[in-house]
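Everything below concerns the one structure shown next.
Protein chains: 2
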Amino acid sequence: MQDGTFPSPDYPEVTAPRRDAGRGDAYARDCPTRALLDRVGDKWSVLILLLLGEGAMRFNGLKRRIGGVSQKMLSQTLRALERDGLLAREVLPTTPVSVTYRITPLGRELLAALRLMIDWAETRMGAVVAAQAAYDAACGRAP
Amino acid sequence: MQDGTFPSPDYPEVTAPRRDAGRGDAYARDCPTRALLDRVGDKWSVLILLLLGEGAMRFNGLKRRIGGVSQKMLSQTLRALERDGLLAREVLPTTPVSVTYRITPLGRELLAALRLMIDWAETRMGAVVAAQAAYDAACGRAP
DNA sequence: CAGCATCCATGACGATACTG
DNA sequence: CAGTATCGTCATGGATGCTG
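So the sequence lines, in the order shown, correspond to chains A and B.
First residue of the first sequence? That's 0 in numbering that gives the first Met the number 0, and the numbers climb one at a time after it.
First residue of the second sequence? That's 0 in numbering that gives the first Met the number 0, and the numbers climb one at a time after it.
Quick look at the structure:
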């Protein structure tokens, strides 16, 4: 029971989050960077790209490796990443069908940029956590 | 009417998004990287860091430059970034008070990593949009 | 000027059940 | 195995009004 229109109720739009695009915002937010950050900021995309960076995987393989993702979110995120051209989906005509997901060159490019962020996080989030503790000590419950 | 407990209803937690941290997730999601991606993925943080990268600014200055942010989100995001140690808040005792926000060295580090992502987006999001169009043409409404 | 408090709409996400 | 469909929840974030 589907009339065929494409975007399902919660289909993630990548190009334009459909804000007030008419306004002349000083710093436009429907720019490519915002779209990328939306994708990268969601819960599973980066995890999936990281895993597929190690090698191609099947649906349930990903599900097991991630462990904590619902199959709704997994398939939804995979479809979005495929649509973005960041990964490729191959259907092998076995019985039952097996589907393999593989990162594309474009996805690998993004992953490289992503890894710099990840490296920064792993070396410097300690400083961030320390700053948070200092902030909370000073303002949160000061005597 | 506030009993003094710190986290307000919608206070952004950076360290742990309060998932099922008890589970032994194969790929833990309450890692520093996830926390960073949550911050970076929200709507205003990156924009604010970029603006403050150009120079210190006041509250309403930021609000004007961004144009589209509510002051709730602006102050909330600024407070979170300050708590993370990514920017500093200085109160000048003028009349009325003026408050200046300035990026910290830590914030500048993050901004540098961020800029690589932004550069990637600006050069390669064209390819992503093309992939989306191809995907939609093939699956969305194919004859 | 620089915020905080409150209400409310949307939508992201998870749980569950069902299919080829 | 690899999904789709549906429903409920809860957080995100915008609008509005008030304060020092």
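For every residue, glycine included, the Cβ atom is placed at its ideal position computed from N, Cα and C.
- Query: Under a three-way DSSP split, which group does LEU85(A) fall into?
  - Reply: coil
- Message: Suppose only complete runs of 4+ residues qualify. What are the alpha helix (DSSP H) ranges in the stretch 31–75 of chain A, listed by chain order?
- Response: 31–40, 44–53, 58–65
- Beta-carbon separation (whole angstroms), MET124(A) vs PRO31(B), contact threshold 8 Å: 3 Å
- Proximity to LEU48(A) [Cα-Cα], best of SER69(A), LYS71(A), ALA87(A): ALA87(A)
- Under a Cβ-count criterion, where at least 16 other Cβ atoms within 10 Å of its own Cβ denotes burial, should GLY40(B) be classed as buried or exposed? buried
- Query: Between the Cα of GLU81(B) and the Cα atoms of SER69(B), LEU51(B), ALA120(B), ALA137(B), which residue gives the shortest distance?
  - Reply: LEU51(B)
- Report the three-state DSSP secondary structure of THR122(A) (helix, strand or coil). helix
- Message: Once DSSP output is grouped into helix, strand and coil, what is the label at VAL96(A)?
- Response: coil
- Message: Taking 8 Å as the limit between beta carbons, can you name the residues of its chain near ALA112(A), skipping five residues before and five after?
- Response: none
- Below 7 Å CB to CB, which residues in the same chain sit around VAL68(B) once its five sequence neighbours on both sides are set aside? TRP43, LYS62
- Query: So which residues of chain B does GLY54(A) contact, with C-beta pairs closer than 7 Å?
  - Reply: Correct list: empty, because the minimum Cβ distance to chain B is about 15 Å.
- Message: Could you check whether ARG114(A) and ASP83(A) sit closer than 8 Å to each other, using their CB atoms as the reference points?
- Response: no
- Closest Cβ-Cβ distance between ARG82(B) and chain A: below 8 Å? yes
- Using Cβ-Cβ distances below 7 Å, what residues of the stretch 99–121 of chain A are close to chain B? LEU105, GLU108, LEU109, ALA112, LEU115, MET116, ILE117, TRP119, ALA120, GLU121
- Taking the C-alpha atoms as reference points, what is the distance between LEU91(B) and LEU35(B)? 30 Å
- Apart from the five residues on each side of it in sequence, which residues of its chain come closer than 6 Å, Cβ to Cβ, to GLU89(B)? THR99
- Residue nearest to GLY54(B) in terms of C-alpha spacing, selected from ALA79(B), ILE117(B), ILE102(B): ILE102(B)
- Task: Identify every residue that forms a DSSP beta bridge with ILE102(A).
- Result: LEU86(A)
- Message: If we define contact as Cβ-Cβ less than 8 Å, is ALA126(B) a contact residue for chain A?
- Response: yes
- Neighbour flag for GLY21(B) against chain A, beta carbons, 8 Å: With a pLDDT of 36 at GLY21(B), under the threshold of 50, the predicted position of this residue should be treated as unreliable, though the coordinate-derived value follows. No, GLY21(B) lies away from the interface with chain A (no Cβ there is under 8 Å from its Cβ).
- Item | Where LEU77(A) sits in the DSSP three-state scheme | helix
- Message: Could you tell me the alpha carbon to alpha carbon distance between ALA143(A) and LEU105(A), rounded to whole angstroms?
- Response: Chain A is shown only over 0 to 142; residue 143(A) falls outside these bounds and no answer can be derived.
- Message: For chain B, check one thing: does any of its Cβ atoms lie closer than 8 Å to the Cβ of ARG123(A)?
- Response: yes
- Task: Could you say which of GLU121(B), LEU109(B), ARG107(B), GLU108(B) lies nearest to ARG109(A) if we only look at CA atoms?
- Result: Sequence inspection shows Leu at residue 109(A); the Arg mentioned does not correspond to that position. Measuring from the Cα of LEU109(A), the nearest candidate turns out to be GLU121(B).
- List the residues of chain B whose Cβ lies closer than 9 Å to the Cβ of ALA34(A), in chain order. ALA120, MET124, VAL127, VAL128
- Task: Starting from VAL45(B), find everything on chain A with Cβ-Cβ shorter than 9 Å and list it in chain order.
- Result: THR32, ARG33, LEU36
- Task: Give the interface partners of GLY60(A) over in chain B, defined as CB-CB distance under 9 Å, in chain order.
- Result: Simply none; closest approach about 11 Å.
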